[in-house]
Structure formats: C-alpha cells, structure tokens
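J.: Please see the structure below; I have some questions.
Protein chains in written order, with this note's numbering: chain Z, 1 to 327; chain X, 1 to 382.
Here it is as structure tokens:
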C-alpha cells in the first residue's frame, strides 16, 4: 500500500518536528552540562538522575509563567514575533535528509533553500526588537540586522565549497559524494572552508563571541528583554533550532552525513552524533571567548571573512577544473 | 580640564538610555544616563548615591573600638584596606606604636586582600565583556574559585569571610593560628599557577585584545588632573604607589616591583593588575618568611567601649588599596569617639574619570571601561 505523497509528507514532517523538539530540549541540557564542566561546575543535577529531567522542568516552568506584554508595546508585532522567528528556524530541517530517503523533502536546491530560509530569522528578530518598544531591544535589533546580513554572505560562501566539490545542491547528492572521502579531509580546501563555516556559523547564530544582539552586559537581554513565559521559550527554542540546524548542515556538508561503520540503519545515529560534535565545537567557542564589539564584528566580516571565502570559492573552482580530465 | 562636551555630533536623532542602577554590569548600583547617537556615546550623566549609608556620620557615633568592623563595609571587596586606613589615622593622632609583628600581619592581610580583590576584578570585568552566557562567565567562575581560597584563609584567621574587623587601634586582633602559614603558602602557590592559566586564556586571545587595546585611554595629564589612583594611575604612566612613595606598616622592608604601563588603555590596566597579583604573592611570601615574634598589639584586647581614647588632634592616613588610595581623615576631640571623619574612597575618585573618557566610545566599550576602572559602590557611596 502506498500513501499519497501529501500524506507521506505530513507524517514525515510531524515525525521530524516531534523528534526535533525532543532533541532540542536535550541539546540545551547538553550545552549546560558541557559549559558546567568547562567552568569546573556540576551543572543541572537535581531534577532527575544527573539532571536528566531538567529540560522538562524548564519547559513546564516557562509554560506556567505569566505572559507579560509591556503597555507601550506594539501588540500584534510583539505577539507575532516569536512565531515569525521560530518558523524559519524549524523550516530549515525540511530539506535535511537524515538517512537515504528519510527526510521531509529532498529538494534539488536543498542547500540553497536551507541558506535562504535560515536568513529569514532576521525578520522575526527585528519584529521582536521593534515591537517591544524598549531601547535595549531596539539597539539589539539594529545590531541584529547589521550582523546577520554581514555574516550570511561568508556563511553561504563557505557552504558552497562542498556544494561545488559535490557538484550538486541536493543534500543527498552531497552526502553520497562523501562516501569515499569526507569533504573536511579534502586537502586544504576542506579544512579552510570548514573553519570559515564554523566562524561564520557562530556569527550567524549570534553566539558568543558574536552575540552582540543579546549582549546582556550591555543590552540586558537584547531583543528578548521584554519577553516572558512561553514566548520567551519559543525564542529560545528557535535559537537552539537554528544552532542545531547549522550543526546538521555542517555535519552533512563536511563530515559525510550518515556514513559510518555498522549497518545502514545506524545512519541517522551517526548523523546525529556528527551534528552534536559540531554543536559541541560551537558551544566550546561560545564558552571560551569574550564578545567583540559591533564595529569590529562588521570589520571582520567585510574585510576578512568575505574576501577570504570568495578566494576559497575561486580556488575550489580552479581545483575542480584542474582535476577534471579533458576540461 | 578638557571640555566634556567637546564631541558634538550632528546628524541622527539622539537616544537617551539608562544604564543602571539595575543593570547586569552596573557593578552594584551605578547609574549612567547615556546619550547615544546610534551606538556612539555622546554624553554621559553619572548618578551615584544609591548605596549611601551615612558612613561618615556613623563614624561619629561609634567608638574607636567599634568602627573598624564598620569601616570594612565601605569597600566590601577589599575590607582590610579601609580598616587599616581608619586605625592608622587614629594611631597617628594618638601616636600609638604598632608592634612589628602586627605591622607584618597588616601587610600580609593587605596583600592577600589585594589578590582576592583583583580576582573579583578580573572575573567581573571579563563577564562584562564576555557575557554571563559565554566565555566571560568561564573566567569569572575560575577567578571566584581562586578568591574563595583566599577567603578560606581569612575565615581561618578571623572567622569571617568578607567583613573582618581584623585591625584594631594599636595592632591587630587575631594572630595566625597553627598551620595557617603553610596553608597560606600553598594557596598563593596555587593561585600563582592559576594566573598562568588566565594569561593563557587572555593574553593572546584576539577577541580580548580587540576589546581592550586602545579602549578607554586615560592620558597621563588627565589622570593626574582628575586624581585617579591605583592601577588606573599606574596604567597611565605615573609611577606612584603609596607602598613605595610613603611606606606605611613597614612596607619599606619588602621587595616588590611597582608595575607601570604607559598606554593608559584598558589593556594597560589589565597588565598592571596582573603584575600586582604576582608582586602581592611575592610580598606574602616575604612576610611569612620574616614574620617577627612578639605581641600583635600594643594595647590590650577589646573589653569596653571607652578603652581607646584618642587625644585632641587630627590626622590623615592613606593606604594603597587594591583600587588605589584609600584615605581616612579623622578629627579627634579627646573622647572615645571621633569628632568627625571623612573617607577618601579610591573608587569614588576613580569613577570621576568616566565622563572624560566615555564620550566617543561605543556602548560596548562603556562596560569594558567600567570594568577596567573596577569601582565598588560601597566605597563610592559610603
């Protein structure tokens, strides 16, 4: 019995969404535990064995919290912003194939779709900052626009290197192209582009050292300063979804996606482990550096990252031409 | 005096933003009303006084045996230095001799206090720049871990961890318990090793350098004009340390280096304080090596409020606290209480530099500069 495609897609997306929210909850715990060990602390420990129920307790707490809307806020925009922020962050998972044939939609422009949608989060961010009618939030939203536009370009350039090596924008093709050699092991080009991908990824996700829009020592909590309760939870969820999405993309583009020893059904597990490894790298960076200033961030992007990734792209093209016989 | 409104931008609309008194990097209860043009600070209105507790009036109502415990509440991060300034002023009027052992013990706790205070400074400063959810918090927790070691030493010595009441007119109140010296040596050795870790995290860190180099530059002339002291002054190229310039409590018997940096920026202040960490450890070791035998006070232990009477007269005593010159001006009328008392808080004088150096820098620099000034609001507001 074969189900019509629309039903299949619905079942698949519900499954991905459900699994995603569960993974996201535990990714927060992973980050908290990892940061705690880095800082010679224990981290969450009280709720459940080794704090394993902490994400659930956090979720329940946030749901029960009072939902405050500032009197002078622009109510429709304020209320809509968390959703507008969350949707693109979840949508990026649509094109990721978790194993051969398992995924919501394996578009032939998968990478492009991912990159395009992930930059859409800026709309929700700016709505949150503007709608709050708070000076900290407004400053943060202005910084957000600056930063995300500047870093999406090098991020895209870095992500395009594996795309060129694989010769396809379809994610499953890129994964299949790495069955022999992961792209991170590709001499010079692979390591450099992975490095650029990580740096630009950290910046595009607004994490320390590029978390100037959150910058709680300057702007208290930035664009989310007025949010509480479930809306705050949605914003947090969106941020973690974005980070996890980027980790999956990194694992897919550079670390060979689901390839690994063992039977084929272990593929998704390998993929998740690789994504978590990328996530740990991002977390490690976050918890080891101090943040830099907004003008410095922009300078690094336009004067260093963008030319460097462009050169990388050109070099990749040259290598491909050189290695293609008869070209 | 440079004109505070020298920077006159034209163009976009200005935004007035409150930073504090309730703000993650207010360092207590500082309120800076910033006038912003985009991200650039064009004006700053510093408001203090949220932590005013009438310390100077209170001193008139408390006997000389009582006030040292209250003096520690002015600068609660470096309680030992303000206690010392108060008892030194009283001793100066009454011309009371302090036994050599007591003088050494005063130096010992003063330097341990400097280590503890600088630990807190480094931690909070990095947290200001790096965020409570980022690398700054990591350094903060490391620093707090080391500060706890020093506070453990104080707890073993005095019984209190933060506000001590260790000093009394004529000497100190507590002698070192058995085994304490070895513990102290272990602790400073441990902290010395950890300092290398901090520097490994910060010195070659491009992000840290970007945030601190050339930020908040205090030219030498301005530093002298405004009257900043301590690491701020030495970071601006002035070789002035009261422990060297006007040695008190037998500081002249110890070998130590006074670090001076000429850049005057946040990074120079960082370098000065990092050297001070090590020099304090050096002094602590010298004290422990050469601790003379003898009484710890030239006066008997505290039994009654009328025990210490200071003859008519007035005196100013100043000590080099972790944040700079802590001064106490005391007017005595012959009774067991001072007639009038005035604090010169190092943080208060250092904070006066902010309106001169903040205009022109960005919002992010404000917190970096605030942290490098290292104010403690108990001492600013008194």
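Here a beta-carbon is modelled for each residue, glycine too, at the ideal position from N, C-alpha and C.
Bear in mind the structure is a predicted one, so any value in this text is a computation, not a measurement.
(1) If you draw a straight line from the C-alpha of residue 120 of chain X to the C-alpha of residue 173 of chain Z, how long is it?
(2) Taking 7 Å as the CB-CB cut-off, is residue 364 of chain X touching chain Z?
(3) Within a Cβ cutoff of 6 Å, which residues of the same chain sit near residue 373 of chain X, ignoring the five residues on either side of it in sequence?
(4) Check whether chain X comes within 7 Å of residue 192 of chain Z, counting only Cβ atoms and requiring the distance to be less than that.
(5) When you compare the CB of residue 301 of chain Z with every CB in chain X, is at least one pair closer than 7 Å?
(6) What does a CB cutoff of less than 7 Å around residue 131 of chain Z pick up in its chain, not counting 5 residues either side in sequence?
(7) Of the residues Z:274, Z:162, Z:265 and Z:306, which one's Cα is nearest the Cα of residue 101 of chain Z?
(8) So which residues on chain Z does residue 205 of chain X lean against when the C-beta distance must stay under 9 Å?
(9) Work out the CA separation of residue 268 of chain X and residue 140 of chain Z for me, nearest whole Å.
(10) Using DSSP with H/G/I as helix, E/B as strand and the rest coil, what is residue 320 of chain X?
(11) If residue 53 of chain Z and residue 237 of chain Z are in contact, beta carbons under 8 Å, what's the gap, nearest whole angstrom?
(12) Could you tell me how far apart the beta carbons of residue 162 of chain Z and residue 195 of chain Z are, in whole angstroms, since I believe they sit closer than 8 Å?
(13) Under a CB-based cut-off of 7 Å, is residue 141 of chain X close to chain Z?
(14) Only counting the same chain, and skipping five residues up and downstream in sequence, which positions put a Cβ closer than 8 Å to that of residue 155 of chain X?
(15) Could you tell me whether any Cβ in chain B is nearer than 7 Å to the Cβ of residue 126 of chain X?
(16) Please report the straight-line C-alpha distance between residue 241 of chain X and residue 230 of chain X, rounded to a whole angstrom.
(17) Grouping DSSP H, G and I as helix and E and B as strand, with all else coil, what is residue 148 of chain X?
(18) Which residue from X:356, X:129 and X:369 puts its Cα closest to that of residue 43 of chain X?
(19) Quick test of your reading: residue 382 of chain X and residue 345 of chain X, contact by CB under 8 Å. State the CB separation rounded to the nearest angstrom.
(20) Would you mind telling me which residues of chain X sit closer than 7 Å to residue 49 of chain Z, beta carbon to beta carbon, in chain order?
(21) Quick one: which residues of the region 198-214 of chain Z get their C-beta closer than 9 Å to a C-beta of chain X? List them in chain order.
(22) What is the residue span of the beta strand (DSSP E) that residue 342 of chain X lies within?
(23) Name the DSSP beta bridge partners of residue 31 of chain X, please?
(24) Quickly, what does DSSP pair residue 361 of chain X with across the bridge? List them, please.
(25) Please state the DSSP three-state secondary structure of residue 93 of chain Z.
(26) Within 10 Å of its beta-carbon, does residue 312 of chain Z have 16 or more other beta-carbons around it, so buried, or fewer, so exposed?
(27) Report yes or no: is there a C-beta of chain Z within less than 7 Å of the C-beta of residue 17 of chain X?
(28) Taking only beta-carbon atoms, is residue 169 of chain X less than 7 Å away from chain Z?
(29) Need the endpoints of the beta strand (DSSP E) that residue 52 of chain Z sits in, please.
(30) Please look up how many angstroms separate the CB atoms of residue 163 of chain X and residue 76 of chain X, rounded, as I've assumed it's under 8 Å.
(31) Enumerated in chain order, which unbroken segments of the alpha helix (DSSP H) with a length of 4 residues or greater are wholly contained in the region 121-197 of chain X?
T.: According to the structure shown:
(1) 53 Å
(2) yes
(3) Once the five neighbours on either side are set aside, the close Cβ partners of residue 373 of chain X are 350.
(4) With 7 Å as the cut-off, residue 192 of chain Z does not count as an interface residue toward chain X.
(5) Not one chain X Cβ lies under 7 Å of residue 301 of chain Z.
(6) 73, 74, 77, 78 and 81
(7) Closest in alpha carbon position to residue 101 of chain Z, among Z:274, Z:162, Z:265 and Z:306, is Z:265.
(8) 288, 289 and 290
(9) 30 Å
(10) Looking at residue 320 of chain X - three-state DSSP - the assignment turns out to be strand.
(11) Contact flag wrong, Cβ pair sits at about 18 Å.
(12) In this structure, residue 162 of chain Z and residue 195 of chain Z do not form a Cβ contact; the two beta carbons are roughly 13 Å apart against a cut-off of 8 Å.
(13) yes
(14) 161
(15) Structure shown: chain B not included; protein chains present are Z and X.
(16) 7 Å
(17) helix
(18) Out of X:356, X:129 and X:369, X:356 has the C-alpha closest to the C-alpha of residue 43 of chain X.
(19) 6 Å
(20) What residue 49 of chain Z touches in chain X: nothing, since even the nearest Cβ is about 24 Å away.
(21) 207, 208, 209, 211, 212 and 214
(22) 338-344
(23) X:47
(24) Residue 361 of chain X is not bridged to any residue.
(25) In the structure shown, residue 93 of chain Z sits in a helix (DSSP, three-state: H, G or I).
(26) buried
(27) It does: the Cβ of residue 17 of chain X has a partner Cβ on chain Z nearer than 7 Å.
(28) no
(29) Run containing residue 52 of chain Z: none; DSSP gives neither H nor E here.
(30) 6 Å
(31) 135-157
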